[in-house]
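Student: Take this structure first; my questions come after.
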Amino acid sequence: MTETTDTTTKGLPKAYRPADFEGAIYERWLAADVFAPDGAGSRADPDAEPFTIIQPPPNITGSLHLGHAQRTAVEDLMTRHARMLRRPTLFLPGLDHAGIAAQFVLDRIIAAEGETRQSLGRERYLERMWQFINETREVMLGQQRRVGGSFDWSRLRFTMDEFSSRAVREAFFRLHRDGLAYRTEALVNWCPGCRTSVSDLEVIPTPETGKLWTIRYHLIDAATGQPDPDATIAVATTRPETILGDTAVAVHPDDPRYGDFVGRNARIPFVERDVPVIADDAVERDFGTGAVKITPAHDNDDYEMGRRHDLPMITVLDDTAAVTGTGTPFDGLDRYEARERILADLAARGDLVAERPHEMLFGRCQRSNDVIEPRLKTQWFIRTGPLAERALAATRSGRTRILPEHFVKVWEHWLTNIRDWNVSRQLWWGHQIPAWYCPDGHATVSAAEGGPSACDVCGRPASELTQDPDIFDTWFSSGLWPFSTLGWPDDAPDYRRFYPTSVMETAHEILFFWVARMMMLGLHLTDREPFHTVYLSGLIRDAEGLKMSKTKGNVVDPLAVMEESGADALRFALIHGATPGLDQRFGPRKLESARNFANKLWNATRFVVGARPATIEANSPRLQPNAAHLGAAERWILSRAAATTADVDRAMADYAFGDMTRSLFDGIWSEFCDWGLELAKVRLGDDTLPAEVREATWWTLVEALDTYLRLLHPVMPFITEQLWGALPHWATDPELLIVARWPGVGERDLAAEAEVDALIDLVRALRNARAEAHVEPASWLPVGVAVPEALGPAFEALRPAIERLARARPLERYLTRDALHGAMPDHGLAVIAGEVEAVIGINEGNAASADADRARLEMELADAEGFLDAARGRLSNEAFTSKAPPQVVEGARAREAELADQVERLRERLGR
RNA sequence: GGGCGGUUAGCUCAGUUGGUUAGAGCGCCUCGCUUACACCGAGGAAGUCACUGGUUCGAGUCCAGUACCGCCCACCA
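Mapping to our numbering: the first sequence position 754 is 751, numbers consecutive.
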């Protein structure tokens, strides 16, 4: 008796169509107010330790890609798990203003409208930016919802909101006060396309073939003070245009070729400047000519050398990388144009000695791909040394853990070799640096919203001060994210309650950009590690292993995927395929597998709901299965659910989310569905059994399924919520699975597991024999079995199940093998399954297939003999028996005995 | 130039502290619509665990080296 109708089972449509219900489920969660740690529907234990994940904020101008979906899935998984454990759980959503990246996008948009940054001006440009992001913002948030992120939307933060602004001002003020922020003229990475400096991390070293030119400089005749036409020094350079800014020629101190030249002067062409030949051991004698021209204002190495030798630093390129201020005809020319002209002129003078192709690294702008031009600028820097020390101490002491662990080495290396961080950007979209300058050039840093009232140094009034026009590197505000979002610098309730945060989950590619800076700034400003655990995810690549990019056109749109297969399938696929820190390939096959799994679960639940015995009321509250009526099958089902629960708990503790989904996939599909449900059908469909027995079986299924749905909820929140709603609940259960209790680990029943495992082995062996012998699949055949005495009662209890699952009828049991063989026909199919032996009685029509059966037995025998030889070999080795642990030796002995028995029986059957 | 990771079935990947016969999904082959599911069920084939050497009673697992692929860091102009 079931309530199955043609289309639905207790509100569950026959077909699994995720797009039909996922949106509605999300609305129910919102309505129940379960996301916030203190929401009306949250069932958090106020005394439990809070669990906090502050979402790495996606760029507001972007659209959701698979990487975001993966990140949200993993973070949401941890969040939901903690919530079901009744911890006050905060998953805080956010958006990043993405400084330079956003300007890059907007610049292209306004270009299509015929405008430029300059034509609009700062104020109108920023207005246009706010307008733009107000549009993209809703799109981004909608996508985050679609994935199922259980965010506390009431705490949504933006890196350009008032929380961030205050935190940025205060953070910079304190860093400056503590001597960790300073303003100086230094060589910075200048992007001529973006017209701003960028940090070292944003310069991408790109291998390309350039050219190496050899150029001759004439030495100055000390007597005349004029260039000597015959005495020259040849230098090798890849950047002839920087000749104009040369202030020295360097050679190695021990280079005999140039020993006499050191201390003399050389004439720089065009600018007609005389510069010294200096000795410095940074010069590689074997490279080029062994002599190198030094342009301190336009090259990192030369800058260092310039500082060592106190050389003048002459800037010859402007913000657009055009030659400037040299007083030569090259002024106003772009750097590459100037290069060509300079080379031509040098050639004409006879001072261009050689030209050859040269493999080298070009520093290109991460954003615009322009070749970065090192330039001297007066900008703000963060002194990273002391901050890095503390960050290292945090991971070395274990107060913060990085997973997977091998990233610790990378972390250590980067932080121990860190350079100061240039945080000034000559852009408009971002937090303006809270530094004011008076006409005398004194700098005043203020955390006050309206700026300082007077110059800190000379006391000039605010009206005479000008704020630094520059803004902060976008990663500066990002670096404050774990605490700016919670109300720091105020002693805010959220800050007190949820900081330090629990887990920072992010992509390994931004370990330095972001994680290191959060750690450094967090430790200095809050005096605590901003998170206990850093969990690094790998990149999502396409099915061929290529990085997804818009230009390659291999980007997968998560929204389209979810529309087609559901958010649950996407989440499962992303989590199932991932190993922490390793990139994963993503293709339609993984998604399909996840979708099929969801479909399987859907149908299994429909079966359970529909298989309710008529003696149980449709709206019955949940009951414990009656222990007195549980058979081995039922105890096996519960025991396996307990085993899966333990596996999932272990995997969660280890952040091994892929292991967790594997446990659930196998537990639900290969155990619960393949064997649990099939075994249960035997009793549920047997009208001759007392009602209590069938009820116990059904409650067993409910119990196990309920457990699986809870365990799976963090990964596949929508379908589990939907299905759970169709199951009976305890009076103590909430309305919604999302706030239901995480299952406790039930007791294993190893005896029942052994019994049912033996059944499974036997059924498999019987099926295998039938299939190999090409027995008519639908036919019921008589089977005789010889079962060891110990398994006798279990066998009797499970007899109807064996009959049904192996199409064995009548099924006779014999107490000994001899009795079995005496009773069964010689041409029957012999089956050996562990300690159980069986014979399938085939009729005359099937007798021909006995040959195939014989071949199967021959193969089994060969295998068994091989293993037996191996086992005996091991045991005859005295070293093994004396050195291996006793239980291993014992296991080997048992194995040997088993194999020997099996071999003997197979030989017997084969008439040998 | 350093450092890190990867190399396991045709493909994508698991493989906990070394321990019986190395697993899964997809794909492939043979069957099957048995009243949850064909997005399914049953059965099957398929792997010198990149290579070389070492440690060990025993190595996919530990050590050393090699090759190839990928990533990160790095001031040969």
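Idealized CB from N, CA, C, for every residue including glycine.
Note that the structure is predicted; figures quoted are calculated from it, not measured.
#1: With 16 as the cutoff for other CB atoms within 10 Å, does Glu502 come out buried or exposed?
#2: Taking the beta carbon of Ser161 as the centre, do at least 16 other beta carbons fall within 10 Å, making it buried, or is it exposed?
#3: Measuring CB to CB, does Thr717 end up less than 7 angstroms from Leu702?
#4: Could you work out which residue in Ser590, Gly607, Glu461 is closest to Leu681 when comparing CA atoms only?
#5: Have a look at Ala737 and Gly38 and give me their C-alpha separation to the nearest angstrom.
#6: From the DSSP output, in three-state form, read off Leu373 for me.
#7: Take the Cβ of Met856 as the centre, count every other Cβ of all protein chains shown within 10 Å, and call the residue buried at 16 or more, exposed below.
#8: Whole angstroms are fine: how far does the CA of Glu832 sit from the CA of Glu905?
#9: Mind checking who Cys188 pairs with in its DSSP beta bridge?
#10: Could you compute how far the alpha carbon of Trp511 sits from the alpha carbon of Leu567?
#11: Indicate whether the contact test is met: 3 or more Cβ pairs, each with one atom in the region 250 to 259 and one in the region 273 to 288, closer than 8 angstroms.
#12: Ordered along the chain, which non-local residues of its own chain (more than five positions away) have a Cβ less than 6 angstroms from that of Val645?
#13: Do you know offhand how far Ala624's Cα is from Glu750's?
#14: Grab me the residues of Ala351's own chain with a C-beta within less than 6 angstroms of its C-beta, minus the 5 sequence neighbours each way, in chain order.
#15: In the region 620 to 675, which residue ranges form an unbroken beta strand (DSSP E) of at least 3 residues, counting only runs that do not cross its ends?
#16: Tell me the rounded alpha-carbon separation between Ala564 and Val71.
#17: Name the one or two DSSP bridge partners that His355 has.
#18: Rounded to a whole number of angstroms, what is the C-alpha to C-alpha distance between His390 and Glu337?
#19: Roughly how many whole angstroms lie between the Cα atoms of Ser475 and Thr548?
#20: Along the chain, where does the beta strand (DSSP E) that runs through Trp433 open and close?
#21: Whole angstroms are fine: how far does the CA of Ala29 sit from the CA of Asp487?
#22: To the nearest angstrom, how far is it from the Cα of Ala639 to the Cα of Phe669?
#23: Taking the alpha-carbon of Met516 as reference, which of Glu506, His505, His529, Ala504 has the nearest alpha-carbon?
#24: What is the DSSP secondary structure of Ser60, counted as helix, strand or coil?
#25: Starting from Val289, follow the beta strand (DSSP E) in both directions and report where the run begins and ends.
#26: In this structure, how does DSSP classify Glu744 when only helix, strand and coil are distinguished?
#27: To the nearest angstrom, report how far apart Pro687 and Pro779 are at their CA atoms.
#28: Using the Cβ count rule (16 or more neighbours within 10 Å means buried), how would you classify Gln884?
#29: Could you work out which residue in His65, Phe258, Val195, Phe101 is closest to Cys362 when comparing CA atoms only?
#30: Report the option in Gly287, Val289, Leu89, Val31 whose CA atom is closest to the CA atom of Pro929.
#31: Please report the distance separating the alpha-carbon of Thr156 from that of Lys374.
#32: Report the option in Arg154, Glu901, Pro47, Phe170 whose CA atom is closest to the CA atom of Leu518.
#33: Using 7 angstroms as the threshold, is the C-beta distance between Arg619 and His726 below it?
#34: Here's the rule I'm using: 16 or more other beta-carbon atoms within 10 Å means buried, otherwise exposed. How should Ala445 be labelled?
#35: What three-state label does DSSP hand His215 in the structure shown?
#36: To the nearest angstrom, report how far apart His403 and Ile507 are at their CA atoms.
Tutor: Looking at the coordinates:
#1: Against the first sequence, residue 502 aligns to sequence position 505. Looking at its Cβ environment, which holds 16 or more other Cβ atoms inside 10 Å, Glu502 is buried.
#2: In the first sequence, residue 161 corresponds to position 164, counting from 1. Counting Cβ neighbours within 10 Å, Ser161 comes out buried, since at least 16 surround it.
#3: Here the question's residue 717 lines up with position 720 in the first sequence. Here the question's residue 702 lines up with position 705 in the first sequence. Contact: no.
#4: Start at 1 with the first residue of the first sequence, and residue 681 comes out as number 684. With distances taken between Cα atoms, Leu681 lies closest to Gly607.
#5: Counting from one through the first sequence, the residue named residue 737 turns up at place 740. Counting from one through the first sequence, the residue named residue 38 turns up at place 41. Roughly 11 angstroms between the two C-alpha positions.
#6: Sequence index remark: in the first sequence, residue 373 carries index 376 (1-based). In this structure, Leu373 counts as strand in the three-state DSSP scheme.
#7: Taking the first sequence and counting its residues from 1, the one referred to as residue 856 is at position 859. Exposed: under 16 other Cβ atoms inside 10 Å.
#8: Within the first sequence, numbered from 1, the residue matching residue 905 stands at position 908. Within the first sequence, numbered from 1, the residue matching residue 832 stands at position 835. Going from the Cα of Glu905 to the Cα of Glu832 covers about 15 angstroms.
#9: Translated into the one-based positions of the first sequence, residue 188 becomes position 191. Paired residues: Thr193.
#10: Here the question's residue 511 lines up with position 514 in the first sequence. Here the question's residue 567 lines up with position 570 in the first sequence. C-alpha separation (whole angstroms): 27 angstroms.
#11: yes
#12: Here the question's residue 645 lines up with position 648 in the first sequence. Same-chain partners within the cutoff: Met657, Ser660, Leu708.
#13: The count along the first sequence starts at 1 and reaches residue 624 at position 627. The count along the first sequence starts at 1 and reaches residue 750 at position 753. Each residue's alpha carbon lies about 16 angstroms from the other.
#14: For the purposes of this step, residue 351 is taken as the residue at position 354 of the first sequence. The answer, listed in chain order, is Thr211.
#15: none
#16: Working through the first sequence from its first residue, we reach residue 564 at position 567. Working through the first sequence from its first residue, we reach residue 71 at position 74. Ala564 and Val71: Cα-Cα distance of roughly 13 angstroms.
#17: Stepping through the first sequence from its first residue, residue 355 is reached at position 358. For His355, which the question treats as bridged, DSSP gives the partners Gly207.
#18: As a first step, residue 390 is located in the first sequence; it is residue number 393 there, counting from the start. As a first step, residue 337 is located in the first sequence; it is residue number 340 there, counting from the start. The residue asked about is misnamed: residue 390 is Ala in this sequence, not His. Their backbone Cα atoms lie some 52 angstroms apart in a straight line.
#19: The residue you call residue 475 lines up with position 478 of the first sequence. The residue you call residue 548 lines up with position 551 of the first sequence. If you take the alpha carbons of Ser475 and Thr548, they lie about 27 angstroms apart.
#20: Position 436 of the first sequence holds residue 433. Where Trp433 is concerned, the enclosing beta strand (DSSP E) stretches over 432 to 434.
#21: Counted from its first residue, the first sequence places residue 487 at position 490. Counted from its first residue, the first sequence places residue 29 at position 32. For Asp487 and Ala29, the distance between alpha carbons rounds to 31 angstroms.
#22: Residue mapping note: residue 639 aligns to position 642 of the first sequence, counting from 1. Residue mapping note: residue 669 aligns to position 672 of the first sequence, counting from 1. In a straight line, the C-alpha of Ala639 is about 12 angstroms away from that of Phe669.
#23: Against the first sequence, residue 516 aligns to sequence position 519. Closest by alpha carbon: His529.
#24: Numbered from 1 along the first sequence, position 63 holds the residue referred to as residue 60. Reduced to three states, the DSSP call for Ser60 is coil.
#25: For this step, residue 289 is matched to residue 292 along the first sequence. From DSSP, the beta strand (DSSP E) with Val289 extends over 288 to 291.
#26: As a working mapping, residue 744 is identified with position 747 in the first sequence. Coil, per DSSP.
#27: Sequence index remark: in the first sequence, residue 687 carries index 690 (1-based). Sequence index remark: in the first sequence, residue 779 carries index 782 (1-based). Those two C-alpha atoms are separated by around 28 angstroms.
#28: Indexing the first sequence from 1 puts residue 884 at position 887. With fewer than 16 Cβ atoms within 10 Å of its Cβ, Gln884 is classed as exposed.
#29: Taking the first sequence and counting its residues from 1, the one referred to as residue 362 is at position 365. The candidate whose alpha carbon is nearest that of Cys362 is Val195.
#30: Nothing about residue 929 can be reported from this structure: the residues present for the chain run from -2 to 909 only.
#31: Taking the first sequence and counting its residues from 1, one reaches residue 156 at position 159. Taking the first sequence and counting its residues from 1, one reaches residue 374 at position 377. Note on geometry: alpha-carbon atoms of Thr156 and Lys374 lie some 27 angstroms from one another.
#32: Walking along the first sequence from the start, residue 518 turns up at place 521. For the residues Arg154, Glu901, Pro47, Phe170, the minimum Cα distance to Leu518 belongs to Phe170.
#33: Counting from 1 along the first sequence, the entry for residue 619 is found at position 622. Counting from 1 along the first sequence, the entry for residue 726 is found at position 729. It is a contact, given that the beta carbons lie within the stated cut-off.
#34: Looking up residue 445 in the first sequence gives position 448. Looking at its Cβ environment, which holds fewer than 16 other Cβ atoms inside 10 Å, Ala445 is exposed.
#35: The residue you call residue 215 lines up with position 218 of the first sequence. Strand.
#36: For the purposes of this step, residue 403 is identified with residue 406 of the first sequence, where counting begins at 1. For the purposes of this step, residue 507 is identified with residue 510 of the first sequence, where counting begins at 1. Their backbone Cα atoms lie some 15 angstroms apart in a straight line.
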